[in-house]
Structure formats: C-alpha cells, structure tokens
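Heads up: the structure comes next, in structure tokens.
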Amino acid sequence: MAAETTQSNRMLSIRLLVFGLLSLLLWAAGPAAPAPAITERNLQPQFDQYNVQGSFLLCEEPAGRYVAYRLKRCRQRFLPASTFKIPNTLIGLQTDALSDTAEICRWDGVKRSFPQWNEDMTYARALRVSCVPCYRQLARRVGVARYQQWLQKLRYPGMVVTPATLDTFWLGGKSRISQFEQVDFLRRLQAETLPIEKRHQRAVKQLLILRKTPAYTLYGKTGWRFRSARNPDNGWLVGWLERADGRRAFFALNVEPRPGPVNDDQFIASRRAVTEAVLRELGWL
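To convert, note that position 2 of the sequence shown is 2 in the UniProt record's numbering; the numbers rise steadily by one, no gaps.
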C-alpha cells in the first residue's frame, strides 16, 4: 500500500511539473494575438455590373479591421500570375540579378499577342505592362536556390519553384496564394519592413502607383492567369489606397468570368473597374 502511495505521489509530482513548464512557456510567449475583426459585406452588385464573379478583401489601417465579400473564397489560394511581379522585382533587385528598374530588357524578336511586349523596355515599364517575357528572363537569372531562399525570407507563401518551372512557376503549376496572404505581404511592403533594402522597396512602390490625386494615391498590380482546357480565366488586382488624412486600405480582388463566352477586353477592364466600384461602395473613393 505504501509503495502504491509513493508511486501515486510521484505521478502527481510529474504532472505538476509538466503543468508548471507549460504554464511558463505560455507566459513567456505572451498573450495570443486576438483574431482580426472581419465584417462580411454583400458586394455582388459591383461584380454583376461587370459580368464577373469572385471575391474581395479589404484591410483598413490603422484599425486592422477586414471587410470581406465571400470570406471562404478570400482564403482560397490561386496562382498569383503577374501580381508576382511585385516580389519578383524585389528579389531581382536584392540579389543583383536586376541592377535597377531602369535596366533594359531586350526583346527576343518573337512577336506576341500583346503589342506592348514586342520591344525593348526598362523593367519599370515591364512591370507596368506585365511583360511576361522580361520576367521570364529575370527568373532565369535569379535561379531556383535564390527564389527558395528569398521567398521564405519574405514570407511569401505557396510558391513551388523547381528547375522545370523556374521561369513559369507563378503562371502555372502548383504555386498558389490567397487574398489574405496577398494583403499581408502588401502591408509589410508599404511599411517597408520586408527584409529587402529600403531603397528597393521604395522603388517598387513607386512603380505600383495607378493614380495620384490631392485626396488619395492608389497603388496596385494586376494579374491574369489565362484560361486553359481545365481552368477558366482568373484575374487579380492587389494593392492599397493611401488617403491624404493618413488612413490606408489594403485590398485584394480575385475574379473569374461568368459562365459563357468571354470578352477578353471586358474581363481585363473588370479588375480595376470592380475594385474602384467596391472602394466607392465602402467609402474609400
């Protein structure tokens, strides 16, 4: 009986010790960060107006509140397409694969369906016109190892880079990113807290300006994953709006055409049109 009591006391002591250690670890880690406040809004009319379907996410600063249309879809991941030109340019500059955004990308002489791609251009212009051939050239200079290293440092998730997909991984394959993840990355870029030289962050931010007025500055980058036999078109506009009163709103739009024949020009224009319509609805424009 005495042996059983001793064994029981030992087990109790071990449990108390474990409980104490866990309590100490939790105390050292500090209180858990509260979940961000998310308000869901019905923004269907703004999408219907341009014959597209999709989702929209907005984060208001300094409050850190989110507004979401189709919250579940905002957490779904999609290929980043040309929105990846933002981290791609930063990585190119930081690794010296790109000397600066004034560096000239030489046209390879292949005529493509986008006339603005069929010429020599600076990388500043290549970002603005989403010139895929220029960024495929840059990707081959960066290389797999440096992408894997810097994507982890930037906490830019979901990219799958292999030797076989080195110059296309953001356009096809298994790479995926969500609207929440896009917004998180943009917030750190805007604050210049990425592990990239500040001069490079500032240079890229300047290239993202879509419109500047006395009342606000609108920053953004589009993306378009072209349709295939298996997948529909998928479009992005990610960015932020800075108001003269100091408030900011970060956003990520992801859209697809409604079922039926696709008007490419209408779909291309819908990304910015829907975004601006939503920003007006939410009182930011």
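Just so you know, even glycine gets a beta-carbon here, dropped at the ideal spot from N, CA and C.
Nothing here was measured: the structure is a model prediction, and the numbers come from that model.
Local conformation of residue i per DSSP, three classes
| i | result |
| --- | --- |
| Val161 | coil |
| Val238 | strand |
| Arg65 | strand |
| Leu25 | With a pLDDT of only 43 at Leu25, under 50, the local geometry of the prediction cannot be trusted, and the value read off the model is given with reservation. If DSSP states are grouped into helix, strand and coil, Leu25 belongs with the helices. |
| residue 373 | Residue 373 lies beyond the range of the chain shown here (1 to 285); nothing can be said about it. |
| Ser55 | strand |
| Val255 | strand |
| Trp224 | strand |
Rounded separation between residue i and residue j - CA only
| i | j | result |
| --- | --- | --- |
| Lys212 | Arg141 | 34 Å |
| Asp167 | Ala97 | 14 Å |
| Ala249 | Leu58 | 6 Å |
| Asn263 | Val274 | 16 Å |
| Gly220 | Ile104 | 23 Å |
| Leu71 | Glu40 | 7 Å |
| Pro259 | Glu197 | 44 Å |
| Asn42 | Gln53 | 12 Å |
| Arg146 | Leu93 | 12 Å |
| Ala164 | Gly172 | 11 Å |
| Ser23 | Ala191 | Here Ser23 scores only 45 on pLDDT, less than 50, and its place in the model should not be relied on; the value that follows carries that caveat. Roughly 35 Å between the two C-alpha positions. |
| Pro157 | Arg106 | 31 Å |
| Val204 | Ile86 | 7 Å |
For residue i: DSSP bridge partner residues
| i | result |
| --- | --- |
| Ile209 | Tyr219 |
| Arg248 | Glu61, Glu242 |
| Glu40 | Ala68 |
Cβ distance (whole Å) where residue i is taken to contact residue j below 8 Å
| i | j | result |
| --- | --- | --- |
| Leu194 | Leu154 | 6 Å |
| Leu79 | Arg230 | About 12 Å separates the two Cβ atoms, so there is no contact after all. |
| Gly223 | Gly235 | 7 Å |
| Val161 | Val144 | 5 Å |
| Leu241 | Trp284 | 6 Å |
| Phe56 | Tyr69 | 4 Å |
Checklist line | Any 3 or more C-beta pairs closer than 8 Å across the stretch 270-278 and the stretch 41-52 | finding: yes
Check: At a cut of 8 Å, does the stretch 178-186 reach the stretch 114-121 through at least three beta carbon pairs?
Finding: no
Notebook entry, point to check: Counting Cβ pairs closer than 8 Å, one from the stretch 122-137 and one from the stretch 149-162, do we hit at least three?
Noted result: Below 8 Å, too few C-beta pairs join the stretch 122-137 and the stretch 149-162 to call them touching: fewer than three.
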